[in-house]
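To start, the structure itself, in structure tokens.
Residue numbers (the numbering used here), protein chains in the order written: chain A, 2 to 329; chain B, 27 to 305; chain C, 48 to 447.
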């Protein structure tokens, strides 16, 4: 059968697992957690944009719904974290369904604007429902997940592994979807929705399904964020953040699962690394984003597709010979 | 009054969107640059207010042209979304550059028209607002003439309709696109420079402006000039009424609900007769 | 569509390479960054600098305030170091930008704690950022002192590592409500509140206290930071005929509200809280600000702040003859307090914490500071009225 998960993914996973030990510094470890969280969220955005071509400009709102659902379930109802985590996925997906149903038949900019609008509305609801969410004052004192035996989730490395586990699951799901009938239907829709529907593909159904999965994953990421940061407030889930997710996806290379992960990790570290230049930080960041998109329009994934085969040829397959032969 | 400012800003955006199919996220920065440059000219060089506004419009027009050349031209054949990200990068860059140059604090920008008070049926309105309204109408009229009556306008419309065909027909598309950017940026700058004295001027002032412009553009129908004009005024009224009579907390939500309803029931925008979706 | 799996493989190699590069870059300075100051020994080496971290908005919407704190902190550091440091240790101040958001604030604080190995943190300005950092600072056992965030929750939900040298919202809101009801004898108010932690907190406390004094809040309306046109809101409010309007928010919108009210010939008694204590407000609002009453946490006036005399002179000398405002003054005091705490407790993180808890009647440029068991100090505050383009103190409240 198809080998969806090939060796290089295992190498990447192994690498991700040793990373915190290569950098035994809490700051780098914290950024690793943040990068992996971003990777989960950007992967969820890739599920809708990369696969169906629909651009969501309100994805941070679903991330926020996940964060608030999970935090409130744990704090107000005493639900265990793991159940609340599932609740966050469910509510994220449900909101995705409610938002998606009326607007998923829209295309291009229209869908983008509609999701932007929903993102703003959801954010306003989070801000104004003071009784439930404490509104703009934010929700402090969210508990970390309870320890399971030796797994103490207040430990950054352990939490990092939890996020990596979730990311791995999301990556596997994304790759499986890509290789399934569902994924090919999505790609057909992305290429030409009129033709796809002529071929008997229920365009709307598939789009809704993809969007619900995508928002559910965003909800999961939100839950993980809430119980890591231990404090959430609506400004973390604003349109600016949605737009930032889109930047990460496009810099990584939309439509590519590894691209989404790369973009998230790359930009998380890049923007932190640029702290050194102080007030020039965002000026340079903006220029770099411009540069990447002008000189590498396909993002990192496009770059890799262009350069690596050449590199590979030069190295003559060499050490990684087991992957290449099956490819054209 | 609010409507006319929405409209000016949105017109520039819809021009660019219609032409390149680009949601220009840097549009809000053209708006704030317009305000900052006019302010600098008026306060530091002590130029008269109206002259500063005119100069700011010209300068930002050229900035718009330059940014098209540097940030968007190389991407003409790339996927549309690359353009979007390019505009985001440009927006982050320009906004933070403005902060580096002018500092983060809000500034006051005074105009001689602020002191004038005009009476309208018992309402008193200051002269600046009347000026904004008048100039906005004037600029809209000018734009209309430019697009409908001149050769450049015909070329612009041809390019907006189909860039490639226009190019085959001998239209110098590069030049036309650049001109469109210039006009679009200049309109945003006009909005910024005119609104500066009514409001305060600070580096992130463009953020809200561009979101609103975006909504107006889509409501009016992408690339549809008269649609943008009308929806600009309508959105201004909806917001005003929502804040005044329904709930100030959910004022913005109401604007977006109107937007979504428009999209759901009339996805090509409010003011399009044919239902051909240009996507 | 050629060879997707092949291509996945390539991309993954890039991922790994990119991650290695970036983590290497950000981790590179870790080891060299640790100084003896952070160690647990008592540090016999003289002249080893002590690192203090500060997290403030240096860019973004609230950057104006962040820059103000930085000026005060820079001046304090300069003066202490010129005088030989704290027990011969010069202070090294590391300022990081939080852009006014909790996520960036937490990243910045984590960098200061783990990489720069600072002894303690000063910051932040926005309450949500302060609360986000508080979770981290407490877990990392690092002292955090905020000279700017006023939401009550910061020190109400006590943490042994959280301190605050500025009055909480309740203190200033109650003082204002009392002044309005008792001194100005106004009974009917409308609140225009920024839809943020600061704005909402202020509106809630004011409403409660004002009601207990027999006053009535007719309605509370919210606006968003960045809103510019208040004609609709003001027209609605005007029709209610309030005697006064409380602006529970910041100066950018506050100035617009008063200017536009004046254009609409709507002239209630405007009142506001401490965020209006800056000359910038008077510059922005112009003559529309005349007659407004607000809380001030600091005035460059020797009459009310006699201890600040030298500070005011030094500040003017360093910064183009500008008068210091509340932000510069509280930033300066934060450094003073840390310096004193290190003298009392020693040059370790725990020592700094112990030192902070020992701070009793410590003299600073703003009077005497004592932290209660929650780490909260009770401070002097003034009620000022804008007259002739100047803030004129009307009454004093808070600590004596």
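Here a beta-carbon is modelled for each residue, glycine too, at the ideal position from N, C-alpha and C. Since we're looking at a predicted model, the values are computed, not measured.
Residues, ordered as in the chain, of the segment 205-227 of chain B that lie near chain C by beta-carbon distance below 8 Å: 221, 224, 225, 226
Straight-line Cα distance separating residue 284 (chain B) from residue 70 (chain B): Position 44 of the second chain, counted from the start, is the residue given in the question as residue 70 (chain B). Position 258 of the second chain, counted from the start, is the residue given in the question as residue 284 (chain B). Taking the straight line joining both Cα atoms gives about 43 Å.
Contact residues within the segment 242-257 of chain B, judged by C-beta distance below 8 Å to chain A: 244, 248
For residue 440 (chain C): DSSP bridge partner residues: Residue 440 (chain C) sits at position 393 when you count from the first residue of the third chain. Residue 440 (chain C) is bridged to C:431.
Interface flag, residue 241 (chain A) vs chain B, CB-CB below 9 Å: Here residue 241 (chain A) refers to the residue found at position 240 of the first chain. It does: the Cβ of residue 241 (chain A) has a partner Cβ on chain B nearer than 9 Å.
Min CB distance residue 63 (chain A) to chain B below 9 Å: Position 62 of the first chain holds residue 63 (chain A). So no, residue 63 (chain A) is outside the interface.
CB contact below 9 Å: residue 166 (chain B) versus chain A: Within the second chain, residue 166 (chain B) is the residue found at index 140, counting from 1. Cβ-Cβ to chain A under 9 Å: no for residue 166 (chain B).
Under 8 Å (Cβ pairs) to chain B, residues found in the segment 266-291 of chain C: Within the segment 266-291 of chain C, the qualifying residues are 268, 269, 270, 271, 273, 274, 275, 276, 278, 279, 280, 282, 283.
Residue 43 (chain B) versus residue 263 (chain B) - alpha carbon distance: Residue numbering aside, residue 43 (chain B) sits at position 17 when the second chain is read from its first letter. Residue numbering aside, residue 263 (chain B) sits at position 237 when the second chain is read from its first letter. If you take the alpha carbons of residue 43 (chain B) and residue 263 (chain B), they lie about 24 Å apart.
Straight-line Cα distance separating residue 108 (chain C) from residue 167 (chain C): Taking the first residue of the third chain as 1, we reach residue 167 (chain C) at position 120. Taking the first residue of the third chain as 1, we reach residue 108 (chain C) at position 61. Rounded to the nearest angstrom, the two C-alpha atoms are 26 Å apart.
Proximity to residue 280 (chain B) [Cα-Cα], best of A:43, A:125, A:110: Position 254 of the second chain, counted from the first residue, corresponds to residue 280 (chain B). Among A:43, A:125, A:110, the Cα nearest to that of residue 280 (chain B) is on A:125.
Contact between the segment 87-99 of chain B and the segment 206-216 of chain B (3+ Cβ pairs under 8 Å): When C-beta atoms of the segment 87-99 of chain B are compared with those of the segment 206-216 of chain B, three or more pairs fall below 8 Å, so the two segments count as touching.
is_contact[residue 232 (chain A), chain C] using C-beta, thresh 9 Å: The residue given as residue 232 (chain A) occupies position 231 in the first chain. At least one chain C Cβ lies under 9 Å of residue 232 (chain A).
Close beta carbons around residue 68 (chain B), own chain, < 6 Å, minus the five adjacent residues each side: Within the second chain, numbered from 1, the residue matching residue 68 (chain B) stands at position 42. 75, 78, listed in sequence order.
Residue 283 (chain A) classed as buried or exposed, judged by whether at least 16 other C-beta atoms fall within 10 angstroms: The residue you call residue 283 (chain A) lines up with position 282 of the first chain. It counts as buried.
Three-state secondary structure (DSSP) of residue 415 (chain C): Translated into the one-based positions of the third chain, residue 415 (chain C) becomes position 368. The answer is strand: DSSP assigns residue 415 (chain C) an E or B state.
Residue 235 (chain A) versus residue 182 (chain A) - alpha carbon distance: The count along the first chain starts at 1 and reaches residue 235 (chain A) at position 234. The count along the first chain starts at 1 and reaches residue 182 (chain A) at position 181. Whole-angstrom Cα-Cα distance: 38 Å.
Interface residues of chain C facing residue 59 (chain B) [CB-CB closer than 8 Å]: Stepping through the second chain from its first residue, residue 59 (chain B) is reached at position 33. Per Cβ cutoff of 8 Å: no residues; residue 59 (chain B) is ~17 Å from chain C at best.
Residues near residue 294 (chain C) by beta carbon distance below 7 Å, same chain, minus five either side: As a position in the third chain, residue 294 (chain C) is number 247, starting the count at 1. Around residue 294 (chain C): 239, 301, 304, 317, 319.
Three-pair Cβ contact test at 8 Å for the segment 288-295 of chain A versus the segment 77-84 of chain A: no
Three-state class that DSSP yields for residue 107 (chain B) in the structure shown: The count along the second chain starts at 1 and reaches residue 107 (chain B) at position 81. Reduced to three states, the DSSP call for residue 107 (chain B) is helix.
Rounded Cβ spacing between residue 269 (chain C) and residue 113 (chain B) (contact assumed at less than 8 Å): Counting from 1 along the third chain, the entry for residue 269 (chain C) is found at position 222. Counting from 1 along the second chain, the entry for residue 113 (chain B) is found at position 87. That pair is no contact at about 31 Å.
For residue 263 (chain B), three-class secondary structure by DSSP: The residue labelled residue 263 (chain B) in the question sits at position 237 within the second chain. It is helical.
Reference residue 246 (chain C), options A:171, A:136, A:245, A:315, closest by Cα: As a first step, residue 246 (chain C) is located in the third chain; it is residue number 199 there, counting from the start. The shortest C-alpha separation from residue 246 (chain C) is found at A:136.
Three-way DSSP call (helix, strand, coil) for residue 210 (chain C) in this model: Numbered from its first residue, the third chain carries residue 210 (chain C) at position 163. If DSSP states are grouped into helix, strand and coil, residue 210 (chain C) belongs with the strands.
Rounded Cβ spacing between residue 48 (chain B) and residue 109 (chain B) (contact assumed at less than 8 Å): Here residue 48 (chain B) refers to the residue found at position 22 of the second chain. Here residue 109 (chain B) refers to the residue found at position 83 of the second chain. Correct: roughly 4 Å between the Cβ atoms.
Buried versus exposed, by CB contacts within 10 Å (16 or more), residue 79 (chain A): Indexing the first chain from 1 puts residue 79 (chain A) at position 78. By the Cβ-count criterion, residue 79 (chain A) is exposed, with fewer than 16 other Cβ atoms from all chains shown falling within 10 Å of its own Cβ.
C-beta atoms of residue 214 (chain B) and residue 86 (chain B) nearer than 9 Å: Within the second chain, the letter at position 188 stands for residue 214 (chain B). Within the second chain, the letter at position 60 stands for residue 86 (chain B). In terms of Cβ geometry, residue 214 (chain B) and residue 86 (chain B) form a close pair [threshold 9 Å].
Residue 187 (chain C), DSSP secondary structure in three states: Taking the first residue of the third chain as 1, we reach residue 187 (chain C) at position 140. Three-state DSSP puts residue 187 (chain C) in coil, outside helix and strand.
Local conformation of residue 75 (chain C) per DSSP, three classes: Here the question's residue 75 (chain C) lines up with position 28 in the third chain. Low confidence applies to residue 75 (chain C): its pLDDT is 41, below 50, so where it sits in the model is not reliable, and the reading given next is rough at best. Three-state DSSP puts residue 75 (chain C) in coil, outside helix and strand.
Inter-residue spacing [alpha-carbon to alpha-carbon] between residue 165 (chain C) and residue 60 (chain A): As a first step, residue 165 (chain C) is located in the third chain; it is residue number 118 there, counting from the start. As a first step, residue 60 (chain A) is located in the first chain; it is residue number 59 there, counting from the start. Between residue 165 (chain C) and residue 60 (chain A), the C-alpha separation is close to 36 Å.
Outcome for residue 435 (chain C) when other beta-carbon atoms lying within 10 angstroms are tallied against a minimum of 16: Position 388 of the third chain holds residue 435 (chain C). The residue in question, residue 435 (chain C), is exposed, as its Cβ has fewer than 16 Cβ neighbours within 10 Å.
Residue 117 (chain C) (DSSP reduced to helix, strand or coil): Taking the first residue of the third chain as 1, we reach residue 117 (chain C) at position 70. If DSSP states are grouped into helix, strand and coil, residue 117 (chain C) belongs with the helices.
Cβ-Cβ separation, residue 383 (chain C) to residue 343 (chain C) (assumed contact under 8 Å), whole Å: Against the third chain, residue 343 (chain C) aligns to sequence position 296. Against the third chain, residue 383 (chain C) aligns to sequence position 336. Residue 343 (chain C) to residue 383 (chain C), Cβ: 20 Å. No contact.
Residue 164 (chain B) classed as buried or exposed, judged by whether at least 16 other C-beta atoms fall within 10 angstroms: On the second chain, position 138 is the one that residue 164 (chain B) refers to. Flag for residue 164 (chain B) reads exposed.
Three-way DSSP call (helix, strand, coil) for residue 50 (chain A) in this model: Reading the first chain from its first residue, position 49 is the one you call residue 50 (chain A). The answer is helix: DSSP assigns residue 50 (chain A) an H, G or I state.
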